[in-house]
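Beneath this line is the structure, given in C-alpha cells, with notes to follow.
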Amino acid sequence: MKSKSLSQPSASLLVRIKERNVRLTLISILLLCLFLYYADKNFNAYQIRVLNLCAIYTVLGLSMNLINGFTGLFSLGHAGFMAIGAYTCALLTMPVAVKDQNFFLAPINETLREIVLPYPAALLIGGILAALIAFLIGAPVLRLRGDYLGIATLGFAEIIRIVITNLQTITNGAIGFKGIPAKTNLWWSFGIATFTTVFLLWLIKSSYGRAFKAIREDEIAAEAMGVSLFKHKVLSFVIGAFFAGVGGGLLGNLLGAINPLLFRFTLTFNILLIIVLGGMGSITGTVISAFVVTIGQEALRFLDQPFSLGFVQVPGISGLRMVVFSALLMLVVLFFSRGLMGTSEFSWDYIIDLFKRLGKPSGKPLSKGGTK
Amino acid sequence: MTFNVFLQHLTNGISLGSLYALVAIGYTMVYGILRLINFAHGDIFMMATYFTFYSIVIFGVPWYAAFMAVIVVTGALGILLEAAAYRPLRDAPRISIMISAIGASFLLENLAIVIFGGRPKAFPALELFTKVIKLGTVSIQRLTFFIPIMTLILLFVLLYLINHTKSGMAMRAVSKDFETSRLMGIDVNRTISFTFGIGSMLAAVGGIMWGMKFPQIQPLMGVMPGIKCFIAAVIGGIGNIHGAVIGGFILGLVEILLIAFLPDLTGYRDAFAFILLIIVLLFRPTGIMGEKIAEKV
Numbered sequence: 001m002k003s004k005s006l007s008q009p010s011a012s013l014l015v016r017i018k019e020r021n022v023r024l025t026l027i028s029i030l031l032l033c034l035f036l037y038y039a040d041k042n043f044n045a046y047q048i049r050v051l052n053l054c055a056i057y058t059v060l061g062l063s064m065n066l067i068n069g070f071t072g073l074f075s076l077g078h079a080g081f082m083a084i085g086a087y088t089c090a091l092l093t094m095p096v097a098v099k100d101q102n103f104f105l106a107p108i109n110e111t112l113r114e115i116v117l118p119y120p121a122a123l124l125i126g127g128i129l130a131a132l133i134a135f136l137i138g139a140p141v142l143r144l145r146g147d148y149l150g151i152a153t154l155g156f157a158e159i160i161r162i163v164i165t166n167l168q169t170i171t172n173g174a175i176g177f178k179g180i181p182a183k184t185n186l187w188w189s190f191g192i193a194t195f196t197t198v199f200l201l202w203l204i205k206s207s208y209g210r211a212f213k214a215i216r217e218d219e220i221a222a223e224a225m226g227v228s229l230f231k232h233k234v235l236s237f238v239i240g241a242f243f244a245g246v247g248g249g250l251l252g253n254l255l256g257a258i259n260p261l262l263f264r265f266t267l268t269f270n271i272l273l274i275i276v277l278g279g280m281g282s283i284t285g286t287v288i289s290a291f292v293v294t295i296g297q298e299a300l301r302f303l304d305q306p307f308s309l310g311f312v313q314v315p316g317i318s319g320l321r322m323v324v325f326s327a328l329l330m331l332v333v334l335f336f337s338r339g340l341m342g343t344s345e346f347s348w349d350y351i352i353d354l355f356k357r358l359g360k361p362s363g364k365p366l367s368k369g370g371t372k
Numbered sequence: 001m002t003f004n005v006f007l008q009h010l011t012n013g014i015s016l017g018s019l020y021a022l023v024a025i026g027y028t029m030v031y032g033i034l035r036l037i038n039f040a041h042g043d044i045f046m047m048a049t050y051f052t053f054y055s056i057v058i059f060g061v062p063w064y065a066a067f068m069a070v071i072v073v074t075g076a077l078g079i080l081l082e083a084a085a086y087r088p089l090r091d092a093p094r095i096s097i098m099i100s101a102i103g104a105s106f107l108l109e110n111l112a113i114v115i116f117g118g119r120p121k122a123f124p125a126l127e128l129f130t131k132v133i134k135l136g137t138v139s140i141q142r143l144t145f146f147i148p149i150m151t152l153i154l155l156f157v158l159l160y161l162i163n164h165t166k167s168g169m170a171m172r173a174v175s176k177d178f179e180t181s182r183l184m185g186i187d188v189n190r191t192i193s194f195t196f197g198i199g200s201m202l203a204a205v206g207g208i209m210w211g212m213k214f215p216q217i218q219p220l221m222g223v224m225p226g227i228k229c230f231i232a233a234v235i236g237g238i239g240n241i242h243g244a245v246i247g248g249f250i251l252g253l254v255e256i257l258l259i260a261f262l263p264d265l266t267g268y269r270d271a272f273a274f275i276l277l278i279i280v281l282l283f284r285p286t287g288i289m290g291e292k293i294a295e296k297v
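Here the protein sequences come in this chain order: A and B.
In terms of my numbering, the first sequence opens at residue 1 and continues consecutively.
In terms of my numbering, the second sequence opens at residue 1 and continues consecutively.
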C-alpha cells in the first residue's frame, strides 16, 4: 500500500527487508531474555516487583486496547474480568493448608479444597473462565452503543465484584485470600506479555483485525460491507476478557493477597489511563505507556510521603499521586487526544530510516513538510 | 411483617427515591443537551456535602445561610467543570469526552481525598430536620417527609423554568439541535453552562439532604449514589425530566422494599440496581418515558 519511492522496490528486496526485520525482532527478544536473566539475578525484590507489574499492565492494557481502541467498544468492565482471573488462579494454585487457613469464617467448598493445579494451567483456566463470562455478558450487552455500553459493562464488573463479596464458601467473601503462592516471576510475566503482544499484532493484521477496525471507524458502513457486527464484537470482547483474566491471575499471584476491594473501578481507570496515554489503537503505544505509567506511579510515591524542598518541609499528602494521574489523563485527553502514538505502530523500517537520516547530516535536506 | 413496619419501609423508600430523583434530574438534563454521561455528577454531589460540613462545623455559619452558599458554590463548580473538561472537547469524538468525564470524576475524588482527608466525617445533625415524630407505633424523622416535599417543589420550579422562560426555551432548543439553535441566535455555550449550573445546584440540594439522612461523609460517597441516579435516569428515559423523577422513585422504593421483604439479599443491594439497569437497557433502551429516536446515518 505504502509507496516507498517512485520506483517500485523489487520482490527480492522486499524479501530481504522482511528477513532483516524478522532477524532484528528475534535479536531484540534475545536481548530482552538476557536483560531478564540479569534482572532476575541482580535486581532487588522491589525492582523485580515493579518490572513484573509493568509486564502485567502491558497484558492488561493490550487486552483493553483490543476492545476499546481497536474495536471501538467503550467497555469499562475490565476489573471484573481481572477479578475472575485472579480469584480462579489463586484458588487453583493455593495448597490445601493455605486454603484452610484462609477460610476461617466458613469452610471452603469441598471440591475446590482438593483441587491444586500447576500455575500455567490455573492461569489458562482463569483466562478461559473470564472469556466465558465475557461471552455470556457480551451476547446481550454488545448490542448497546457508546456510553450505554460503558455503563452496562461497568455495571457487570460491579455485579461480579458484589457476587464475589457474597460467595463466602468459594471466594472467602470480603476478606479475600492471603498467602497466595508467589508464582509470578519475570519469566512468566514477560513471557505472557510478549505472547500477548505478538498475538495481538498477528490478530490486528488478520482479516479479523481489519473487521475490528472497520467497526471502530463506522459500524453502519462496516455492516454494509458484509462485516458481521455481532460476531466480531463478541470475538474482540471475549479475547480481551481472556487476556484480562490471565493478567488478573498474574497480578493475584504477584501481590499474594487479593480482596474484592482491589477490583473496584479504580483498577479499570488505571488501565484506561494507560491506553489513552499510549494512544487508543496502537499496540506499541500501549506497551510503552504501560511501562511509563507503572514506573511513574512508583516514582511518584514520594508525593504521598513527607519530603523536604531544601528549606521547607512538605508534609506528605496521601492521595496526591492519584491527583497527578487523574489530572494527567485529563490533560492528555484535552490537549493530546491522540496520545503517545495515535494509531501508528513501531516498525523496523522507520527506525532504520531514522538512523540513516541521522547518519547523513549533510545529505539532501527534506523537502518542506516531508517527514519520511 | 406488620403493616407498621411496612409503612416505615415505604416512607424510607419514598425519601430515598426522591433523593435519587433530585440527582437523576442533573444527569438527565446534561444527557439531554450534550448526549454525555456526566460521570463527575456524583462527585459534585459529594463536594456539596463537604461544603456543607465545612461551612457549618468549621466556619459556624447558620444552617440556612450555609445551605444557600453551598447551593451557589456547587452550581459554580458545575459550570467550572463544564468549562474545563467538556467545552474544549465539544467537537471531539464521543469516546474522548467520556474519558474526560471519567478523568474529571477521578480528579474530584482524589482532590477531595487530598483536601478533606480520606477519613469519614460526621455530618452535622440539625434538630429541625432530624427530630423523630411518632405516628402511632411508626417513628419517622421529620426529614423523611421533608425530602419528598422539597423534591416536588424543586421539580415544579424546574419545569416552570424549562417550559416558560427564555433560558428554558434555549435549553430545549439546544437539546434538539446544536447548529440550528446557534443559527437562531442562541448562545449555545452559555445555555450548556446554565444547564450544568442548574443540575449541580439540584445535586447540591440532594447532597445536603443525603448528608442529613446518612450522616457519614467520605470522599468516595458520591460514586455509588452517582451511578444509581444515572441508572434511575435511564430507567425513566434519559433526557426526560419526568422520567428521571419516576425512575428515581422506582429505584429507591424497589431497593428498600426488596431488602425489607428478602433480608437474605442485603449483600446484593448494590448489584440489584445494575441488574435493573441491564434489563431496562436490553428490553426498553429508551426507558419508561423516553421516545424512540431513529438512527441517522
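Every residue, glycine too, gets a C-beta built ideally from N, C-alpha and C.
Test item: CB-CB of residue i and residue j under 8 Å
{"i": "B/Leu217", "j": "B/Phe156", "result": "Note that residue 217 of chain B is Ile in the sequence shown, not Leu. No, these two residues do not count as a Cβ contact at 8 Å."}
{"i": "B/Ala21", "j": "B/Ala244", "result": "yes"}
{"i": "B/Cys229", "j": "B/Ala104", "result": "no"}
{"i": "B/Tyr86", "j": "B/Ala233", "result": "no"}
{"i": "A/Gly249", "j": "A/Leu123", "result": "yes"}
{"i": "B/Ala271", "j": "A/Ile162", "result": "yes"}
{"i": "B/Leu107", "j": "B/Ser96", "result": "no"}
{"i": "A/Phe243", "j": "A/Thr196", "result": "yes"}
{"i": "B/Met212", "j": "B/Thr130", "result": "yes"}
{"i": "A/Leu36", "j": "A/Leu251", "result": "no"}
{"i": "A/Gly226", "j": "A/Gly126", "result": "no"}
{"i": "A/Leu13", "j": "A/Trp348", "result": "no"}
{"i": "A/Tyr148", "j": "B/Leu34", "result": "no"}
Supposed contact pair residue j and residue i - C-beta distance, whole angstroms, cut 8 Å
{"i": "A/Glu345", "j": "A/Ser282", "result": "6 Å"}
{"i": "A/Ala193", "j": "A/Gly80", "result": "In fact, because the Cβ distance is near 21 Å, the residues do not count as touching under 8 Å."}
{"i": "A/Gly319", "j": "B/Asn110", "result": "5 Å"}
{"i": "A/Thr418", "j": "A/Val287", "result": "What the structure shows of chain A is the stretch from 1 to 372, and residue 418 of chain A is not part of that stretch, so it cannot be assessed."}
{"i": "B/Gly237", "j": "B/Gly290", "result": "3 Å"}
{"i": "A/Ile373", "j": "A/Thr93", "result": "This structure cannot speak to residue 373 of chain A, because chain A is shown only from 1 to 372."}
{"i": "B/Ser55", "j": "B/Ala40", "result": "B/Ser55 to B/Ala40, Cβ: 22 Å. No contact."}
{"i": "B/Gly372", "j": "B/Pro225", "result": "In the structure as shown, chain B starts at 1 and stops at 297, and residue 372 of chain B therefore has no counterpart that could be examined."}
{"i": "B/Ile356", "j": "B/Ala84", "result": "Outside the displayed range of chain B (1 to 297) lies residue 356 of chain B, so it cannot be described from this structure."}
{"i": "A/Ile275", "j": "A/Gly69", "result": "6 Å"}
{"i": "A/Leu91", "j": "A/Thr184", "result": "16 Å between Cβ atoms; not a contact."}
{"i": "B/Ile79", "j": "B/Ser193", "result": "5 Å"}
{"i": "A/Thr294", "j": "A/Leu53", "result": "5 Å"}
Close-in-space but distant-in-sequence residues of the same chain around residue i (CB under 7 Å, 5 per side omitted)
{"i": "A/Leu340", "result": "Leu277, Gly278, Gly279, Gly285, Ile288 and Ser289"}
{"i": "A/Glu223", "result": "Leu229"}
{"i": "A/Lys99", "result": "Ile108 and Arg113"}
{"i": "A/Leu235", "result": "Tyr208"}
{"i": "B/Leu253", "result": "Gly13, Ile14 and Gly17"}
{"i": "A/Thr343", "result": "Gly279, Gly281 and Ser282"}
Same chain, Cβ closer than 6 Å to residue i, neighbours up to 5 away in sequence not counted
{"i": "B/Ile231", "result": "Ala273 and Leu277"}
{"i": "A/Ser176", "result": "Looking at the sequence provided, one finds Gly at residue 176 of chain A rather than Ser. Counting only Cβ-Cβ distances below 6 Å, and skipping sequence neighbours, we find Ile258 and Asn259."}
{"i": "A/Gly61", "result": "Ile271, Ile274, Ile275, Thr286 and Ala290"}
{"i": "A/Gly369", "result": "Residue placement at A/Gly369 cannot be trusted, given a pLDDT of 43 that sits under 50; the coordinates are not used to answer."}
heavy atom of the ligand SAM below 7 Å from residue i C-beta
{"i": "A/Ala193", "result": "Within the structure as shown, the ligand SAM is missing, as the structure has no ligands at all."}
Same chain, Cβ closer than 8 Å to residue i, five either side skipped, listed in chain order
{"i": "A/Val116", "result": "Leu92, Thr93, Met94, Pro95 and Val96"}
{"i": "A/Phe265", "result": "Leu76, Ala79, Leu154, Ala157 and Glu158"}
- [ ] Report the residues of the stretch 114-144 of chain A with a CB closer than 8 Å to any CB of chain B, ordered along the chain.
- [x] Those would be Pro140, Val141, Arg143 and Leu144, in chain order.
Task: Secondary structure, alpha helix (DSSP H): runs of 4+ residues fully inside the stretch 9-48 of chain A - done: Counting only runs of 4 or more, we get 11-42.
TODO: Let me know the alpha helix (DSSP H) ranges lying completely inside the stretch 73-115 of chain A, each 4 residues or longer, listed in chain order.
DONE: Within the stretch 73-115 of chain A, the complete alpha helix (DSSP H) runs of at least 4 residues are 78-93, 96-102 and 110-114.
Task: Whole runs of the beta strand (DSSP E) within the stretch 126-178 of chain B, excluding any shorter than 3 residues - done: The stretch 126-178 of chain B contains these whole beta strand (DSSP E) runs: 132-135 and 138-141.
- [ ] Scan the stretch 34-67 of chain A for residues whose Cβ lies nearer than 8 Å to a Cβ of chain B and list them as they occur along the chain.
- [x] Of all residues in the stretch 34-67 of chain A, none has a Cβ within less than 8 Å of some Cβ in chain B.
- [ ] Give the residues from the stretch 151-175 of chain A that approach chain B closer than 8 Å (Cβ to any Cβ), ordered along the chain.
- [x] For the stretch 151-175 of chain A, which is checked against every Cβ of chain B, the residues closer than 8 Å are Ile151, Ala152, Leu154, Gly155, Phe156, Glu158, Ile159, Ile162, Val163, Thr165 and Asn166.
TODO: Let me know the alpha helix (DSSP H) ranges lying completely inside the stretch 161-243 of chain A, each 4 residues or longer, listed in chain order.
DONE: Segments of the alpha helix (DSSP H) lying fully in the stretch 161-243 of chain A: 168-171, 186-205, 207-217 and 219-224.
Task: chain B contacts from the stretch 327-349 of chain A (Cβ-Cβ distance under 9 Å) - done: For the stretch 327-349 of chain A, which is checked against every Cβ of chain B, the residues closer than 9 Å are Ala327, Leu328, Leu329, Met330, Leu331, Val332, Val333, Leu334, Phe335 and Ser337.
Open item on the list: If we require 4 or more residues per run, which alpha helix (DSSP H) segments fall completely within the stretch 205-289 of chain B?
Closed with: The stretch 205-289 of chain B contains these whole alpha helix (DSSP H) runs: 223-236, 241-261 and 269-283.
Task: Residues within the stretch 65-92 of chain B neighbouring chain A, beta-carbon criterion of under 9 Å - done: Residues of the stretch 65-92 of chain B with a C-beta atom less than 9 Å from some C-beta of chain A are Ala84, Ala85, Pro88, Leu89 and Ala92, listed in chain order.
TODO: Taking a Cβ distance cut-off of 7 Å, strictly less, list which residues of the stretch 216-239 of chain B are near chain A, in chain order.
DONE: Of all residues in the stretch 216-239 of chain B, Phe230 have a Cβ within less than 7 Å of some Cβ in chain A.
Task: Near-chain A residues of the stretch 275-289 of chain B - C-beta to any C-beta below 9 Å - done: For the stretch 275-289 of chain B, the set of positions with a beta-carbon nearer than 9 Å to some beta-carbon of chain A reads Ile275, Leu277, Ile278, Leu281, Leu282 and Pro285 in chain order.
Open item on the list: Counting only Cβ-Cβ distances shorter than 7 Å, please list the residues of the stretch 255-269 of chain A near chain B, keeping chain order.
Closed with: Residues passing the 7 Å Cβ filter: Phe269.
Task: Complete alpha helix (DSSP H) runs within the stretch 48-110 of chain B (minimum length 4 residues, chain order) - done: Listed in chain order, the complete alpha helix (DSSP H) runs (minimum 4 residues) inside the stretch 48-110 of chain B are 63-81.
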